[in-house]
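Colleague:
Number of protein chains: 2
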Amino acid sequence: MKNVKYLECINCGAQYKPEKGRYTCDKCGPALGILDVIYDYDYIKSKVSKESFANNKDYSMWRYEPFMAVEENGPKGKLRVGWSPLYKADVLAKEIGLDTLYVKDDGINPTSSLKDRASAIAVAKALEEKAEVICCSSTGNAASSIAGNAASVGIKTVIFVPGRAPQGKVAQLKIFGANVMSVQGSYEETFKLSAEAIDKFGWYNRNAAINPYCVEGKKTVSIETCEQMNWEVPDWIVFSVGDGCTIAGAYKGYLDLYNAGFIDKLPRVAGIQAEGCAPLAHAWAEKRAWKPEEENTIADSIAVGVPRNAVKAIRAVEASNGVWETVTDDEILDAMRFMGKHAGVFGEPAGAAGMAGLRKLVASGVIKKNETVVCAVTGNGLKDVVNAIKAAGEPIKVEPTSEGLEKALTQIGY
Amino acid sequence: MKNVKYLECINCGAQYKPEKGRYTCDKCGPALGILDVIYDYDYIKSKVSKESFANNKDYSMWRYEPFMAVEENGPKGKLRVGWSPLYKADVLAKEIGLDTLYVKDDGINPTSSLKDRASAIAVAKALEEKAEVICCSSTGNAASSIAGNAASVGIKTVIFVPGRAPQGKVAQLKIFGANVMSVQGSYEETFKLSAEAIDKFGWYNRNAAINPYCVEGKKTVSIETCEQMNWEVPDWIVFSVGDGCTIAGAYKGYLDLYNAGFIDKLPRVAGIQAEGCAPLAHAWAEKRAWKPEEENTIADSIAVGVPRNAVKAIRAVEASNGVWETVTDDEILDAMRFMGKHAGVFGEPAGAAGMAGLRKLVASGVIKKNETVVCAVTGNGLKDVVNAIKAAGEPIKVEPTSEGLEKALTQIGY
Numbered sequence: 001m002k003n004v005k006y007l008e009c010i011n012c013g014a015q016y017k018p019e020k021g022r023y024t025c026d027k028c029g030p031a032l033g034i035l036d037v038i039y040d041y042d043y044i045k046s047k048v049s050k051e052s053f054a055n056n057k058d059y060s061m062w063r064y065e066p067f068m069a070v071e072e073n074g075p076k077g078k079l080r081v082g083w084s085p086l087y088k089a090d091v092l093a094k095e096i097g098l099d100t101l102y103v104k105d106d107g108i109n110p111t112s113s114l115k116d117r118a119s120a121i122a123v124a125k126a127l128e129e130k131a132e133v134i135c136c137s138s139t140g141n142a143a144s145s146i147a148g149n150a151a152s153v154g155i156k157t158v159i160f161v162p163g164r165a166p167q168g169k170v171a172q173l174k175i176f177g178a179n180v181m182s183v184q185g186s187y188e189e190t191f192k193l194s195a196e197a198i199d200k201f202g203w204y205n206r207n208a209a210i211n212p213y214c215v216e217g218k219k220t221v222s223i224e225t226c227e228q229m230n231w232e233v234p235d236w237i238v239f240s241v242g243d244g245c246t247i248a249g250a251y252k253g254y255l256d257l258y259n260a261g262f263i264d265k266l267p268r269v270a271g272i273q274a275e276g277c278a279p280l281a282h283a284w285a286e287k288r289a290w291k292p293e294e295e296n297t298i299a300d301s302i303a304v305g306v307p308r309n310a311v312k313a314i315r316a317v318e319a320s321n322g323v324w325e326t327v328t329d330d331e332i333l334d335a336m337r338f339m340g341k342h343a344g345v346f347g348e349p350a351g352a353a354g355m356a357g358l359r360k361l362v363a364s365g366v367i368k369k370n371e372t373v374v375c376a377v378t379g380n381g382l383k384d385v386v387n388a389i390k391a392a393g394e395p396i397k398v399e400p401t402s403e404g405l406e407k408a409l410t411q412i413g414y
Numbered sequence: 415m416k417n418v419k420y421l422e423c424i425n426c427g428a429q430y431k432p433e434k435g436r437y438t439c440d441k442c443g444p445a446l447g448i449l450d451v452i453y454d455y456d457y458i459k460s461k462v463s464k465e466s467f468a469n470n471k472d473y474s475m476w477r478y479e480p481f482m483a484v485e486e487n488g489p490k491g492k493l494r495v496g497w498s499p500l501y502k503a504d505v506l507a508k509e510i511g512l513d514t515l516y517v518k519d520d521g522i523n524p525t526s527s528l529k530d531r532a533s534a535i536a537v538a539k540a541l542e543e544k545a546e547v548i549c550c551s552s553t554g555n556a557a558s559s560i561a562g563n564a565a566s567v568g569i570k571t572v573i574f575v576p577g578r579a580p581q582g583k584v585a586q587l588k589i590f591g592a593n594v595m596s597v598q599g600s601y602e603e604t605f606k607l608s609a610e611a612i613d614k615f616g617w618y619n620r621n622a623a624i625n626p627y628c629v630e631g632k633k634t635v636s637i638e639t640c641e642q643m644n645w646e647v648p649d650w651i652v653f654s655v656g657d658g659c660t661i662a663g664a665y666k667g668y669l670d671l672y673n674a675g676f677i678d679k680l681p682r683v684a685g686i687q688a689e690g691c692a693p694l695a696h697a698w699a700e701k702r703a704w705k706p707e708e709e710n711t712i713a714d715s716i717a718v719g720v721p722r723n724a725v726k727a728i729r730a731v732e733a734s735n736g737v738w739e740t741v742t743d744d745e746i747l748d749a750m751r752f753m754g755k756h757a758g759v760f761g762e763p764a765g766a767a768g769m770a771g772l773r774k775l776v777a778s779g780v781i782k783k784n785e786t787v788v789c790a791v792t793g794n795g796l797k798d799v800v801n802a803i804k805a806a807g808e809p810i811k812v813e814p815t816s817e818g819l820e821k822a823l824t825q826i827g828y
C-alpha cells in the first residue's frame, strides 16, 4: 500500500505497520487504542485529480481506491457499493427554512445501508489476508452488509446481533447465509461476545471501531458527495451517530480531500443522537466526559449506549467546530414522514434521525438559512417496517364495491 | 415527441396520436385495446449511438430518453431510477450448470423495485399533462414506486392495493404520503375499483397495462443490461411474470435496440409464474387460451389471476421462440436462499421466482449450459420480510455469557 504511511494510535500516537492481524494499539489496548490510517497525500495526488475522476467510469466507491488503505488493484467483493444518489431537496429545504439542502440517500446500496461502504473494504482486506471467516457484532446493518458482501465472494460470516435487532435485518443476513448469533442482551454484551469468539478462532474482525479500515470505507460517502457537488464543500454535514464510526468517516472524507488539495475548506459536522441513547450529545451539552447510557430508542442502528468509536466521533465534531443535537422518537417518526412526503426518500429511523436533528438545528438558529447543508440518510426504511408503520399509520380499508369506494373516497376528501 | 410515430392497438391495429388522456383503443375497449408505442427508429438513430452512450454521464434510465415516449428534455421526477447493477454471477452459474449467468439486481432502485422504471415515466407523462393526482392499483411495488416518484415532485397519489399486500410495501407508500385504499378483495377487484375512481375524477392513470407508457419505462432494464454487457445480446432473458407488463417491456427493450441497429439478434424470453397463480404458463403448457386463476402464492408481486397485459406478454415469449415455466413457493424460497448465499443478492419472492424458474429450465435441458443467460431480480427482499424469514429461518439465540457463546458456537461446528 504505497498510499499508506502507517497506522497511528488515536490515544498515544504510537505508529504501526498496516500488517495482517493489526487492529488496535498494543500499549493502549482495544478499548482506547483505536488506530487511524495516515496517508501519503503526495502519492495520492500523483494518482488522482479532479480530471481523472471526471473520466473515471467506475461508478462505485472503488473510484476512490487511491484514498483507501487497500492493495492497488487488489481483490474486492462483487457487490456494487456506493455512488448513491445525492438529491437537491428543494421542497424539504423550503419547509425547513434553508436555501440549499442536499439529501444523500445511502439506503440505495446493495444491502440497503451506508454500512456497505465499510463492509466492502472489510471484505477487500479479508481477501488480501485470505481470511476464511469474517466476524462482527452489529445492531443490524453492519451485520447484513458484511454478510451480503462476504457472500458475494464466498467468505463465511459469523454475526452477533442484539436480540432487539429488527426482523428485516436479521432475515436479510440469514438469507446471505450468515451464521447468526442473536445475543439476548445489550449491544455492549453482543460486542463483547463477538470479541471473545474472534480471539478464540482468529477470524477476520469487522467490528467497525476495532477495525481501522471500516472508517476508510465509510469516508467515501463524503468524497462522493463532494464530487457530486462538483467539489463544492457544504457548510454543514449532518449525520446520525451510534458507534461513532460513520460520522468519523464522513469527516475524514473531507479531511482527505483537503489534505490532497481537492478542496480548500472543511464542513462543520452536526452529530445527531436519539434522546433515549445519546451519550455523546449529552456529554457535549453538559460539557463533561461521556458515560454509558441506556438504549431506549426506536432508532436501533444508533442505539449504542457505549459508543466504540467515541474518540473519533468527538474529534470530528470538535475539529470542525460542529455541534451535537438529540431527537426524540416522535421527532424521528415525523422526519420519516416529512422526507417521504416531500422528497420520496424512505429512511429507517436512524436514517431519518439526521433530518430530525437538522430541523431542530435550523429552528434554533444554529444552522443559518443561507448555509448549504448535506443530510445523510444512512439506511433504507424497509429495514424496519414495524417502525415505518408506526410512523405512517394504517391504510384505509375499502370494501370491494362501488359503495365501499365512495365511502373511502369521502374520507380523503373526494 | 419526434421519436414517436403513433400508438397502435395490439388487438385491431388502429392508430392513435399520443395525446393527453389517450390510454386504450376506442374500438376494442380498455380490456382488449391495449396500445403499443410505435417509434421512428431513424429519428432515434439520429439522436443516439453506442459512442454517444459511452460518453453519456447520466447514469439513470433517462440516458435512454430517445427510446422513450416523452417530450425531449421535458419535466421528470427527481428520484434516480435505473442503472442498477448487473452482476456476473459465476458461483450461481456453476451451481446451476451454466457457463455464463448475469443477475440484474433491480431491487437497487429508489423504492426498491423494477417498477420505479414504469413509475418514472408515468410521473414524466403526468408532469407533461400537468396532472394533479396520479392513481393506480397494484399488488404493492407499482404502488410504492408511483407514490415515491410522485412525492419527489409534489404530485398527489391515490393508490389501491389488495388487502394481502405485504406490510412493508404498504408502509412504504404511506410514508410517501399516498392516500392508500386497502381493498378487502382480490387484485382483480382492486384494479376495478381504481378504474372506477379514475373514470370519476379524471386522475392520471398509472395502471401499467392500461397506460401505454409504463412498458416503455420498464424496457430500459433491457437496454441498460445490453449496454452493460457491451451490447452483447444474451441467449436468454428470464423474468417472473404477473400482469405481463415487465416481461413485455424487457422484450421490447431488445426489440428497440434491434430496430435501431444497435444489435443484430434478439434473446429468447423465459416467463416464470408461480405455480399457484400461472394463468399464462398453464395455458402455454396446455396449448390453450389463458383463463383466470386463483392467486395462491407467496410471491405477491406476481400473484395476478387476471393478467392485464397478457397479450403483450404472450407475444414476447412467442415472438422470441421462448418458454414459460412455473415454480412452487418452496422453489421460490429456496431460490431466495440460493441467490443470497452465493451472490449476496436478496430478492423478494417474486424477485427470486425468475431464478427458481431458471434452475428448472437448465435442469430440464431447455436452457443449455453454453447459453448466456440474464436473470432479473425485480424487487428487494426487504419488501417482504415475513417470507424472507420463512425462507431463512430463525437465528441462534445466545445467552450473553461465555458459556452461552460456547454452546452456540458448537451448534455451528466450532
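Chains as they are written, first to last, in the numbering used here: chain W, 1 to 414; chain A, 415 to 828.
Think of the CB as a built atom: it goes at the ideal place given N, C-alpha and C, for glycine as much as any other residue.
Does DSSP classify residue 676 of chain A as helix, strand or coil?
Modeller: Coil at residue 676 of chain A, not helix or strand.
Colleague: According to DSSP, simplified to helix, strand and coil, what is residue 73 of chain W?
Modeller: Residue state, collapsed to three classes: coil.
Colleague: Would a check of beta-carbon distances place residue 358 of chain W closer than 9 Å to chain A?
Modeller: It does not; no Cβ of chain A falls within 9 Å.
Colleague: According to DSSP, simplified to helix, strand and coil, what is residue 497 of chain A?
Modeller: Three-state result, residue 497 of chain A: coil.
Colleague: Quick one: Cα of residue 724 of chain A to Cα of residue 325 of chain W, how far?
Modeller: C-alpha separation (whole angstroms): 54 Å.
Colleague: Quick one, are the C-beta atoms of residue 140 of chain W and residue 174 of chain W less than 9 Å apart?
Modeller: For residue 140 of chain W and residue 174 of chain W, no; Cβs fall outside 9 Å.
Colleague: Assuming residue 329 of chain W is part of the beta strand (DSSP E), what are its boundary residues?
Modeller: Not the beta strand (DSSP E): residue 329 of chain W falls in the alpha helix (DSSP H), residues 329–343.
Colleague: Within the 9 Å Cβ cut-off, does residue 475 of chain A reach chain W?
Modeller: Not closer than 9 Å to any Cβ of chain W, the Cβ of residue 475 of chain A fails to qualify, so no.
Colleague: May I ask you to report which of helix, strand or coil DSSP gives residue 435 of chain A?
Modeller: Coil.
Colleague: Among W:334, W:400 and W:376, whose alpha-carbon lies nearest the alpha-carbon of residue 388 of chain W?
Modeller: With distances taken between Cα atoms, residue 388 of chain W lies closest to W:334.
Colleague: Under DSSP, the beta strand (DSSP E) around residue 811 of chain A begins and ends at which residues?
Modeller: Unbroken beta strand (DSSP E) run through residue 811 of chain A: 810–812.
Colleague: To which residues does DSSP link residue 157 of chain W through a beta bridge?
Modeller: According to DSSP, which records beta bridges pairwise, residue 157 of chain W is partnered with W:134.
Colleague: Just the Cα atoms here: how many angstroms apart are residue 81 of chain W and residue 524 of chain A?
Modeller: The alpha-carbon atoms of residue 81 of chain W and residue 524 of chain A are separated by roughly 15 Å.
Colleague: For a cutoff of 9 Å on Cβ pairs, would you count residue 803 of chain A as touching chain W?
Modeller: Yes, because at least one Cβ of chain W sits closer than 9 Å to the Cβ of residue 803 of chain A.
Colleague: Looking at chain W, is there any beta carbon in it that lies within less than 9 Å of the beta carbon of residue 581 of chain A?
Modeller: Yes, because at least one Cβ of chain W sits closer than 9 Å to the Cβ of residue 581 of chain A.
Colleague: With DSSP as the reference, identify every bridge partner of residue 326 of chain W, one or two as the case may be.
Modeller: The partner list for residue 326 of chain W (beta bridge, DSSP) reads W:273.
Colleague: If you draw a straight line from the alpha carbon of residue 624 of chain A to that of residue 448 of chain A, how long is it in whole angstroms?
Modeller: Distance between the alpha carbons of residue 624 of chain A and residue 448 of chain A is about 6 Å.
Colleague: Less than 9 Å separating the beta-carbons of residue 305 of chain W and residue 279 of chain W?
Modeller: Yes, the Cβ-Cβ distance between residue 305 of chain W and residue 279 of chain W is below 9 Å.
Colleague: Answer yes or no: does any C-beta atom of chain A fall closer than 9 Å to that of residue 353 of chain W?
Modeller: Closer than 9 Å: no.
Colleague: Is the separation between the beta-carbon of residue 128 of chain W and that of residue 70 of chain W shorter than 9 Å?
Modeller: Contact flag set, yes.
Colleague: List, in order along the chain, the chain A residues whose C-beta lies closer than 8 Å to that of residue 189 of chain W?
Modeller: Residues of chain A passing the Cβ test: 814.
Colleague: Residue 219 of chain W and residue 245 of chain W look like a contact to me (Cβ under 8 Å); what is the Cβ gap, rounded to whole Å?
Modeller: Contact doesn't hold; Cβ gap of about 10 Å is too wide.
Colleague: So, using beta-carbon positions, are residue 416 of chain A and residue 674 of chain A closer together than 9 Å?
Modeller: Against a cut-off of 9 Å, the Cβ pair of residue 674 of chain A and residue 416 of chain A comes out as no contact.
Colleague: Going by DSSP in three states, residue 268 of chain W sits in which element: helix, strand or coil?
Modeller: The answer is strand: DSSP assigns residue 268 of chain W an E or B state.
Colleague: Along the stretch 580–599 of chain A, where does the CB come closer than 7 Å to a CB of chain W? Name the residues.
Modeller: Answer in chain order: 581, 582, 584, 585, 586, 588, 589, 590, 591, 593, 594, 595, 596, 597, 598 and 599.
Colleague: According to DSSP, is residue 781 of chain A part of a helix, a strand, or is it coil?
Modeller: Coil at residue 781 of chain A, not helix or strand.
Colleague: Determine, using beta-carbon pairs with one atom in the stretch 158–165 of chain W and one in the stretch 182–195 of chain W, whether at least three such pairs fall under 8 Å.
Modeller: Yes, the stretch 158–165 of chain W is in contact with the stretch 182–195 of chain W.
Colleague: When you compare the CB of residue 525 of chain A with every CB in chain D, is at least one pair closer than 9 Å?
Modeller: Protein chains W and A are contained in the structure displayed, whereas chain D is not.
Colleague: Residues of the stretch 740–755 of chain A with a CB closer than 9 Å to any CB of chain W: list them in chain order, please.
Modeller: Correct list: 750, 751, 753, 754 and 755.
Colleague: Which value, in whole angstroms, describes the spacing of the CA atoms of residue 5 of chain W and residue 67 of chain W?
Modeller: Spanning the two alpha carbons is a distance of roughly 12 Å.
Colleague: Does the structure place the stretch 367–381 of chain W close enough to the stretch 343–354 of chain W that three or more beta carbon pairs sit under 8 Å?
Modeller: Yes, since at least three Cβ pairs between the stretch 343–354 of chain W and the stretch 367–381 of chain W fall closer than 8 Å, the two stretches touch.
Colleague: Check whether the stretch 121–135 of chain W and the stretch 284–301 of chain W touch, using three or more Cβ-Cβ pairs below 8 Å as the test.
Modeller: Result no; under three Cβ-Cβ pairs closer than 8 Å.
Colleague: Which same chain residues end up closer than 7 Å to residue 442 of chain A when comparing Cβ atoms and leaving out the 5 residues on each side of it in sequence?
Modeller: So the qualifying residues of the chain are 423, 425 and 426.
Colleague: Starting from the C-beta of residue 16 of chain W, find all residues in its chain whose C-beta is less than 6 Å away, skip the five residues before and the five after it, and write them out in chain order.
Modeller: Cβ within range, chain order: 7 and 22.
Colleague: Among the candidates W:60, W:212, W:133 and W:24, whose CA atom is the shortest distance from the CA of residue 227 of chain W?
Modeller: When each option's Cα is compared against that of residue 227 of chain W, the closest is W:60.
Colleague: What first and last residue would you give for the alpha helix (DSSP H) that runs through residue 284 of chain W?
Modeller: It spans 279–285 - the alpha helix (DSSP H) in which residue 284 of chain W sits, taken as one unbroken run.
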